[in-house]
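Going down the list, the sequences are from chains R and D. The first sequence runs 1015 to 1173 under the working numbering. The second sequence runs 105 to 381 under the working numbering. Structure record follows, encoded as structure tokens.
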Amino acid sequence: MEHEITLIVNGVPRRTGVPARRLLSDCLRHDLGLTGTHVGCEHGVCGCCTVLLDGRPVRSCLTFAVTVDGAEITTVEGLADADGGLSAVQRAFAECHGLQCGFCTPGFLCTVTALLRENPAPTEDEVIDGISGNLCRCTGYQNIVKAVHRAAELLAEEA
Amino acid sequence: MKPPPFAYHAPRDLVAAVRTLAEVGGKVLAGGQSLIPMLNMRLAAPEHLVDINRVAGLDEIEVTPAGVRVGATARHADVEAAGVHPLLTRALKLVAHPVIRNRGTVVGSLVHADPAAELPAVLALLDGRVRLARWDGDGVAVREVPAADFFVGPMESAVEPDEVAVSAFFPALAPGSGFAFEEVSRRHGDYALAGVCAVVTARSAKVACIGVGPVPVVVELGEAWSDWRAAAAVVRAATDPEGDIHASAAYRGHLVGVLAERALREAAREGAAARGA
Ligand SMILES: Cc1cc2nc3c(=O)[nH]c(=O)nc-3n(C[C@H](O)[C@H](O)[C@H](O)COP(=O)(O)OP(=O)(O)OC[C@H]3O[C@@H](n4cnc5c(N)ncnc54)[C@H](O)[C@@H]3O)c2cc1C
Ligand code: FES
Ligand code: FES
């Protein structure tokens, strides 16, 4: 049976029909064509499918689209400013070489965006705890941690 | 890695939730952080899912001097942020990663009853209880199950297939008690290989251990000890760990002894400080 749902994705209401078993990750990628959200493990371990649900980072692979009918979702496509300029977090990742192949990056960007909203000046330990649920198989975490601190600086400068 | 098909129900109130469950059978969906991985891996294939995320009033966190009652859809992150029970808050920081805690629920974690999960140990240590509701034909019947009867086996709790767990009650710590939760996991945020939660007062010490038995292993140590290493040996003797690919039984046994001593010392020190001793 199909369920009619509406998700507010990156500020735009999107209506679609999905079977109950449709994961939010697959709904975003296949039904809505937003392939920026990546899928790695589909059991909550790698973090690359992380999106913001009503502002909070969650695993889109561990959420059914029907459960979040009516909710606001922000994906990596929605992080850039309205004029298309990269967000402070995105710029910091580029500047610090916080990505290589980019597979894990959408998850990191969403996680870090929410982390810095909640805690604008995290300590080293808070950064490491904050990104502990995101795996990167190629860049290594040194530059990613650096990028988080750099993003905090950029956000503070631009505030 | 896609979930099998199921019929989906999203009741808006508790009566509808328990009636639906009584009529169709199937499984309750709370935060989905354990159930959805099991569906994705096809380890479970329920014909019906009763999603309780829209049931009104289930997300409450009620604080009284006697303790904290946590509703079924209160997320780990919300209970952690509320900071209403120091031992529960401490344990929550050890549960998975922050992002998982944004969805996973405290009550779901108790019902799921993973032998390595932190929250069942806290409920068991504090002698807490879980409130269960079912449809009895004319109305909602409620029962309270004490922690000692709630954890039945690995991944098995006392919740019957037609029951919804509506809340869990965590009794407050007695004034002047100290607590600690020590665990070792392969990576931060993983399920623990072994862990020990301890509460020590001027006259008593009690621990609950995870990962070293089918359910949390609760050990009452009675009178205050001066030799925590000896107390830890008692704890270790009470556990019966099993080996798996992550750790051998012997290693888990060793760990639980070390962690028990560490947790007891820390809880005793903290309790003494709280009493100004
Ligand atoms: C990567 C990862 C790491 C994790 N690490 C840890 C960890 O270190 N420690 C830990 O404790 N947990 C860990 N978890 C599990 C997490 O804490 C889960 O959120 C929790 O175990 C289950 O809660 P839930 O609300 O998500 O339940 P769900 O996944 O929705 O449900 C789990 C089970 O409980 C039943 N259920 C849930 N709520 C109710 C209810 N109210 N009434 C009746 N039945 C109900 C469901 O039918 C299902 O069988 C981890 C999860 C992931 C994905
Ligand atoms: S794909 Fe969701 S956590 Fe790996
Ligand atoms: S950049 Fe390749 S996995 Fe992280």
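The C-beta atom is built at its ideal place from N, Cα and C for all residues, glycine as well.
If you draw a straight line from the Cα of residue 1135 (chain R) to the Cα of residue 1170 (chain R), it is about 9 Å long.
With respect to the 8 Å criterion, residue 227 (chain D) and residue 178 (chain D) are not classified as neighbours on the basis of their beta carbons. The set of residues with any CB-heavy atom separation to ligand 2 below 6 Å comprises, in chain order, R:1053, R:1054, R:1055, R:1056, R:1058, R:1059, R:1060, R:1061, R:1062, R:1063, R:1073 and R:1075. The beta carbon of residue 156 (chain D) does not come within 8 Å of any beta carbon belonging to chain R, so the residue lies off that interface.
The continuous alpha helix (DSSP H) containing residue 1127 (chain R) extends over residues 1119-1132. Taking all protein chains shown into account, residue 292 (chain D) has fewer than 16 neighbouring C-beta atoms within 10 Å of its C-beta and is therefore exposed. Neighbours of residue 1056 (chain R) across chain D, judged by C-beta separation under 7 Å: 105 and 144. In the three-state scheme derived from DSSP, where H, G and I count as helix and E and B as strand, residue 1020 (chain R) is classed as strand.
Partner residues in the beta bridge of residue 152 (chain D), as assigned by DSSP, are D:111. Residue 1034 (chain R) has a beta carbon lying within less than 8 Å of a beta carbon in chain D. Pairing residue 1103 (chain R) with residue 1123 (chain R) gives a Cβ-Cβ distance under 8 Å. Under the 10 Å beta carbon count, residue 1133 (chain R) is surrounded by fewer than 16 other beta carbons and is classified as exposed. Against residue 1144 (chain R), the close residues of chain D are 202, in the order they occur along the chain (beta-carbon pairs closer than 7 Å).
Taking 8 Å as the CB threshold, residue 110 (chain D) lines the interface with chain R. The beta carbon of residue 1137 (chain R) sits no closer than 8 Å to any beta carbon of chain D. Pairing residue 172 (chain D) with residue 188 (chain D) gives a Cβ-Cβ distance under 8 Å.
Relative to ligand 3, even the nearest heavy atom lies 7 Å or more away from the CB of residue 1050 (chain R).
Within the same chain, and ignoring the five residues on either side of residue 250 (chain D) in sequence, the residues whose Cβ sits closer than 6 Å to its Cβ are 233. As DSSP reads the structure, residue 314 (chain D) sits in a beta bridge with D:299. In the three-state reduction of the DSSP assignment, residue 188 (chain D) falls in the coil class, being assigned neither a helical nor a strand state.
Judged by their CB atoms, residue 144 (chain D) and residue 1017 (chain R) are not nearer to each other than the 8 Å cut-off. With a cutoff of 7 Å, residue 204 (chain D) counts as near ligand 1, since its C-beta is closer than that to a heavy atom of the ligand. For the pair residue 130 (chain D) and residue 150 (chain D), the CB atoms are nearer than the 8 Å cut-off. Contacts between residue 1147 (chain R) and chain D, judged by CB atoms closer than 7 Å, involve 201, 202, 203, 204 and 293 in chain order. Taking C-beta separations shorter than 7 Å and ignoring five residues to either side along the sequence, the partners of residue 1090 (chain R) in its chain run 1050, 1051, 1120, 1123 and 1124, following chain order. Three or more beta-carbon pairs separated by less than 8 Å are not found between the segment 208-222 of chain D and the segment 1147-1166 of chain R, which leaves the two stretches without contact. The C-alpha of residue 239 (chain D) lies about 9 Å from the C-alpha of residue 120 (chain D).
Residue 313 (chain D) places its beta carbon 8 Å or farther from that of residue 337 (chain D).
For the pair residue 269 (chain D) and residue 132 (chain D), the Cα-to-Cα distance works out to about 9 Å.
Residue 1072 (chain R) is bridged by DSSP to R:1065. Around the CB of residue 253 (chain D), fewer than 16 other CB atoms lie within 10 Å, so the residue is classed as exposed. When distances are taken from the beta-carbon of residue 1107 (chain R) to the heavy atoms of ligand 3, even the shortest one reaches 7 Å or more. For the segment 313-346 of chain D, the beta-carbon criterion of a distance under 9 Å to any beta-carbon of chain R is satisfied by none of its residues.
The Cβ of residue 150 (chain D) sits no closer than 8 Å to any Cβ of chain R.
Non-local C-beta neighbours of residue 318 (chain D) in its own chain, meaning closer than 7 Å and more than five positions away in sequence, comprise 219, 257 and 258, ordered along the chain. Put simply, the backbone Cα of residue 1029 (chain R) is about 32 Å away from that of residue 1149 (chain R).
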